[in-house]
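Accompanying notes for the structure given below.
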Amino acid sequence: CCGLYCLWARRVLDGSGDPWEEALAAFRALFPEGMEARSELDTNIVRLGAESQPAGRGSGYVVDCLRSAHDCVARNSSYEQVVKAAIGLGNDTDTTAAVAGGIAGLEYGIEGIPQRWRSALRGRRLVDPLLRRLVERA
C-alpha cells in the first residue's frame, strides 16, 4: 500500500490524466504476476475502484485506509471536502485524513487548503522556513 501510495502521489505531481490508474499500471510493471505484492494488488487493492465495493470505512487496516483515501479523493473536488470526508468516515480518522489529505494537497496545492486552517496551525514560524528551503531544493 505504501508503494502504491507513492506511485499515486508521483503521478499526481506529474500531472497525469488518471494518476490512480497509472499508479496501478506502474505497480503491475514493477511486480510481475506470482510475486506476493502483485497478489495483494490483484486480490485486495485493485478492487478499490470497483462499483461493487462498499465505500471506504477508515478502519485502520492499511488496505482500508488506502481504499478510504482513494474514495475521498475520487468523490470530492476540494482539499477541504476530501479531508472532511475522510474524517466523516470515523474510526482511524487521523491516518485516513493524512493519507487522503496528502494526495489532495498535491492536487490542490497550498492555496487549496483553507486559509482559516492554515492560519490556525501551531509552529508555523518554525516550519515555514523549512518548507521554503525544501521547495527551493526540489
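When the letters of the sequence shown are read in order and numbered with the working numbering, they come out as residues -6 to 131.
Note that the Cβ used here is the ideal one computed from N, Cα and C, for glycine as well.
If you draw a straight line from the Cα of residue 79 to the Cα of residue 72, it comes to about 11 angstroms. C-alpha of residue 9 to C-alpha of residue 119: approximately 33 angstroms in a straight line. The beta carbon of residue 90 is closer than 7 angstroms to those of 76, 79 and 80 in its chain, skipping five residues each way along the sequence.
Residue state for residue -6 is assigned as coil, using DSSP reduced to three classes. In the structure shown, residue 11 falls within a coil segment according to DSSP collapsed to helix, strand and coil. Here residue 130 is exposed, its C-beta having fewer than 16 other C-beta atoms within 10 Å. Taking C-beta separations shorter than 7 angstroms and ignoring five residues to either side along the sequence, the partners of residue 0 in its chain run 16, 19 and 20, following chain order. The alpha-carbon separation between residue 28 and residue 4 amounts to approximately 23 angstroms.
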